[in-house]
Structure formats: structure tokens, C-alpha cells
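Just below is one structure, and these are the notes that go with it.
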Amino acid sequence: LGPTDPATAPADSLRGGIFANWKELGLTSEPDVGDNGVHASASPFEALAERMNWLEMAMEDDPFGKALLARGLPKARIETWAKDAQVLLESKQKGSIFDALEDMD
Numbered sequence: 144l145g146p147t148d149p150a151t152a153p154a155d156s157l158r159g160g161i162f163a164n165w166k167e168l169g170l171t172s173e174p175d176v177g178d179n180g181v182h183a184s185a186s187p188f189e190a191l192a193e194r195m196n197w198l199e200m201a202m203e204d205d206p207f208g209k210a211l212l213a214r215g216l217p218k219a220r221i222e223t224w225a226k227d228a229q230v231l232l233e234s235k236q237k238g239s240i241f242d243a244l245e246d247m248d
């Protein structure tokens, strides 16, 4: 897939290929960080939140949502976190739950 910034993506990655060939692909502008050619969720939890939001999927119908519920995470907490709640981080400061879980499996 490549880094979020397609200008720094390896040539053999999806984003690197899109960056190198954007005109041939019919794009109207060179890809950048905000419009980089490919969306990928930053974490499995953020992907769940996006499916719940964009697809109106119930967490109980989502494999990852089911797994969280089965492991005892309360439904209300998942719903709150799915709105990118501010949480207490390891640094003892408040921050985005999405940022805290980024790049984690």
C-alpha cells in the first residue's frame, strides 16, 4: 500500500504507482496526503468504526466487533470509542483513541 504521503511511497507500492502515473490514470491532480489514491484504515478498531458509520453495520454483525464483545468489551464503550473519543494515553495525557490504536493489530 505504501505510506500515507504518496510522494514518499516506494515505486512498487500502490500509492507509489498512483503517484508516478496519476496523469495516465486520469486523475485531475497529483496525489497528496489528503487525497492519496487509496483509503486504508489506520487500525482494526478504526476500520470497525468506519464500517459502523459508512455501512451502518451493527457491531454485532461485524467479525471484529463480535470479537471485542466476546472478550468482554462493553458495547457502550465501543460505541463511544467509535466516535474517536478522547482517552487517557500512556503518557498520562488525553488523546484520540484512533491515534492511540493506530498501526496496532
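In the working numbering, the protein residues as written are 144 to 248. Note that beta-carbon positions come from the ideal geometry of N, C-alpha and C, so glycine has one too.
Would you be able to state if there are at least three C-beta pairs under 8 Å between the region 186-198 and the region 155-167?
In short, these stretches do not touch, since the Cβ pair count stays below three.
Going by DSSP in three states, Gly-215 sits in which element: helix, strand or coil?
In the structure shown, Gly-215 sits in coil (DSSP, three-state: anything other than H, G, I, E or B).
Measure the alpha-carbon distance for Gly-177 versus Arg-214 and round it to whole angstroms.
Separation of Gly-177 and Arg-214 (C-alpha to C-alpha, rounded to the nearest whole angstrom) is 35 Å.
Mind checking whether Lys-218 and Met-202 have CB atoms under 8 Å apart?
Taking 8 Å as the cut-off, the beta carbon of Lys-218 is found closer than this to the beta carbon of Met-202.
From Ala-154 to Asn-164, what distance separates their C-alpha atoms?
Straight through space, the alpha carbons of Asn-164 and Ala-154 are spaced by roughly 10 Å.
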